[in-house]
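Q: Just so you know, the working numbering puts the end of the sequence shown at 1066, numbered straight through with nothing missing.
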Amino acid sequence: MSDAPEVTPGLVVVDKPGGWTSHDVVGRGRRLAGTRKVGHAGTLDPMATGVLLLGIGRATRLLGQLQLTDKAYDATIRLGQATVTEDAEGEVVSTTPAGHVTDDEIEAALVPLRGDISQVPSAVSAIKVDGQRAYARVRAGEDVKLAARPVRIEELSVSAIRRTGDLVDVDVHVECTTGTYVRALARDLGDSLGVGGHLAMLRRTRVGPFSLQHAATLDELADDWQVIGLDTVTRLAFASYDLTQEQADDVRFGRTLTSIDLGDPGKVALFDPAGTFLALYEQRGATARPVSVFV
772 MSDAPEVTPG LVVVDKPGGW TSHDVVGRGR RLAGTRKVGH AGTLDPMATG
822 VLLLGIGRAT RLLGQLQLTD KAYDATIRLG QATVTEDAEG EVVSTTPAGH
872 VTDDEIEAAL VPLRGDISQV PSAVSAIKVD GQRAYARVRA GEDVKLAARP
922 VRIEELSVSA IRRTGDLVDV DVHVECTTGT YVRALARDLG DSLGVGGHLA
972 MLRRTRVGPF SLQHAATLDE LADDWQVIGL DTVTRLAFAS YDLTQEQADD
1022 VRFGRTLTSI DLGDPGKVAL FDPAGTFLAL YEQRGATARP VSVFV
């Protein structure tokens, strides 16, 4: 397939089904879009469902920028069992009765997991260790130890607690910075309570400004291919600045803009007088320099 002129560049927000890899979804997206120029932002594990962003055509160049954003999840943490993968897909490595753990003890154990924390990523992550993915080393039988990294947990709230015998399921809502491992939150909660824990369910409800309200299932997309155009995507995802015609002409050639204040320290989406997205720029002192030009 080729990237034909009729392919509309933009984002498709998929409600990923369980059991599919993010790469599987990209493959289906390529067939539905009629182009191989399809990529995704923010990998979801096969067991996870929910918001997965697909970039179509020229919008694939935005995906690296869109990954650097906040995300939201609904999740179920199962206390009383630890698994090798820290989620429901891994082999159970320890079982400890958790029925005695009270609601107040669970809430108290969540307090240190909120705010700016130092989190050790899941060993079965895509982080590279000496050039090889950590999960590949774990599957090969290695004992992988990853360094802690700073993340921010903006919200970690309990919506329900359910008890079945010696197991306790804690339903939580999580809002966090990119790079956070919800599996690691489940692991750390179980460890702090002394009963072990793993992630039993994960559904991503939002990536930046794109939520389940924007999403469609793959079956729905097969019937009605829904692309959010670049002009709308960039207005939603970045601070924006409307240019004069003279400035727009300079931006089309990737020129530095002098004596200008974009009004935001981060990446800013620039639009011509007709409202067409042209480029991402960053303010550097009294000038604005291009990050990526899309025309």
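Using N, Cα and C, we set each Cβ at its ideal position, and we do this for glycine too.
1) For residue 1008 versus residue 997, is the C-beta distance shorter than 8 Å?
2) Who are the Cβ neighbours of residue 888 in its own chain at under 7 Å, not counting the five residues just before and after it?
3) Looking at the strands, I want to know which residues DSSP matches up with residue 1053.
4) Hey, which unbroken runs of the alpha helix (DSSP H) at 4 residues or more fall wholly within the segment 835-902?
5) Please name the residue in 964, 973 and 1021 whose C-alpha comes closest to that of residue 875.
6) Comparing C-alpha positions only, which one of 826, 935 and 832 sits nearest to residue 1065?
7) Would you tell me roughly how many angstroms separate the C-alpha atoms of residue 879 and residue 784, rounded to the nearest one?
8) Would residue 793 and residue 779 qualify as a contact pair, given that the criterion is a beta-carbon distance under 8 Å?
9) On the criterion of 16 or more Cβ atoms from any shown chain inside 10 Å, does residue 802 qualify as buried, or is it exposed?
10) How is residue 1045 classed by DSSP in three states: helix, strand or coil?
11) Could you say which of 1057, 1005 and 940 lies nearest to residue 1030 if we only look at CA atoms?
12) Determine the extent of the beta strand (DSSP E) in which residue 792 is found, giving its start and end residues.
13) Of all the options 849, 1047 and 796, which has the alpha carbon lying nearest to the alpha carbon of residue 990?
14) Report the three-state DSSP secondary structure of residue 776 (helix, strand or coil).
15) Skipping 5 residues on each side, what residues in its chain have a beta carbon closer than 6 Å to that of residue 951?
16) Given a threshold of 16 other Cβ atoms within 10 Å of its Cβ, counted over all protein chains shown, does residue 975 qualify as buried or as exposed?
17) Where does residue 773 land, buried or exposed, given buried means 16+ other C-beta within 10 angstroms?
18) Please report the distance separating the alpha-carbon of residue 1086 from that of residue 939.
19) For residue 1066, which three-state DSSP category applies?
20) Does the contact criterion of 3 or more C-beta pairs under 8 Å hold for the segment 806-821 versus the segment 968-984?
21) From residue 789 to residue 837, what does the alpha carbon distance come to, in whole angstroms?
22) Between residue 800 and residue 1024, what straight-line distance do the alpha-carbon atoms span, to the nearest angstrom?
23) Per the contact definition of three or more C-beta pairs closer than 8 Å, is the segment 1011-1023 in contact with the segment 840-852?
24) Smallest Cα separation from residue 920: which of 871, 935, 945 and 891?
25) Report all residues from its chain with a CB closer than 8 Å to the CB of residue 1044; omit the five preceding and five following residues, and keep chain order.
A: The relevant details are as follows:
1) Counting from one through the sequence shown, the residue named residue 1008 turns up at place 237. Counting from one through the sequence shown, the residue named residue 997 turns up at place 226. Not a contact, by the Cβ cut-off of 8 Å.
2) In the sequence shown, residue 888 corresponds to position 117, counting from 1. Closer than 7 Å at Cβ, skipping near neighbours: 922 and 924.
3) As a working note, residue 1053 is residue 282 in the sequence shown. In DSSP, residue 1053 forms a bridge with 1038 and 1060.
4) 874-881
5) Taking the sequence shown and counting its residues from 1, one reaches residue 875 at position 104. If we check each option's Cα against that of residue 875, 964 comes out closest.
6) The count along the sequence shown starts at 1 and reaches residue 1065 at position 294. When only C-alpha atoms are compared, the closest one is 832.
7) Residue mapping note: residue 879 aligns to position 108 of the sequence shown, counting from 1. Residue mapping note: residue 784 aligns to position 13 of the sequence shown, counting from 1. Each residue's Cα considered, the two are about 36 Å apart.
8) By 1-based counting over the sequence shown, the position of residue 793 is 22. By 1-based counting over the sequence shown, the position of residue 779 is 8. No.
9) Residue mapping note: residue 802 aligns to position 31 of the sequence shown, counting from 1. So residue 802 ends up on the exposed side.
10) The residue you call residue 1045 lines up with position 274 of the sequence shown. Residue 1045 falls in the coil class under three-state DSSP.
11) Counting from one through the sequence shown, the residue named residue 1030 turns up at place 259. Nearest of 1057, 1005 and 940 to residue 1030, Cα basis: 1057.
12) On the sequence shown, position 21 is the one that residue 792 refers to. For residue 792, no beta strand (DSSP E) encloses it, and the DSSP letter there is neither H nor E.
13) Translated into positions along the sequence shown, residue 990 becomes position 219. Comparing C-alpha distances from residue 990 to each of 849, 1047 and 796 shows the shortest one belongs to 796.
14) Taking the first residue of the sequence shown as 1, we reach residue 776 at position 5. The predicted position of residue 776 is uncertain, since its pLDDT is 44 and thus under 50; a value taken from the coordinates is nonetheless stated next. Residue state, collapsed to three classes: coil.
15) Counting from 1 along the sequence shown, the entry for residue 951 is found at position 180. Contacts found: 922.
16) Mapped onto the sequence shown, residue 975 falls at position 204. When all chains shown are included, residue 975 counts as buried.
17) Translated into positions along the sequence shown, residue 773 becomes position 2. Confidence is the limiting factor: at residue 773 the pLDDT is only 42, short of 50, which leaves the residue's position unreliable, though a coordinate-based value still follows. Classification of residue 773: exposed, given that the 10 Å Cβ count is below 16.
18) Within the shown structure, residues of the chain are numbered from 772 to 1066, placing residue 1086 beyond reach of any answer.
19) If you number the sequence shown from 1, residue 1066 lands on position 295. Three-state result, residue 1066: coil.
20) yes
21) As a working mapping, residue 789 is identified with position 18 in the sequence shown. As a working mapping, residue 837 is identified with position 66 in the sequence shown. For residue 789 and residue 837, the distance between alpha carbons rounds to 23 Å.
22) In the sequence shown, the residue the question calls residue 800 occupies position 29. In the sequence shown, the residue the question calls residue 1024 occupies position 253. Between residue 800 and residue 1024, the C-alpha separation is close to 32 Å.
23) no
24) By 1-based counting over the sequence shown, the position of residue 920 is 149. For the residues 871, 935, 945 and 891, the minimum Cα distance to residue 920 belongs to 891.
25) The residue you call residue 1044 lines up with position 273 of the sequence shown. Closer than 8 Å at Cβ, skipping near neighbours: 1013, 1014, 1015, 1016 and 1019.
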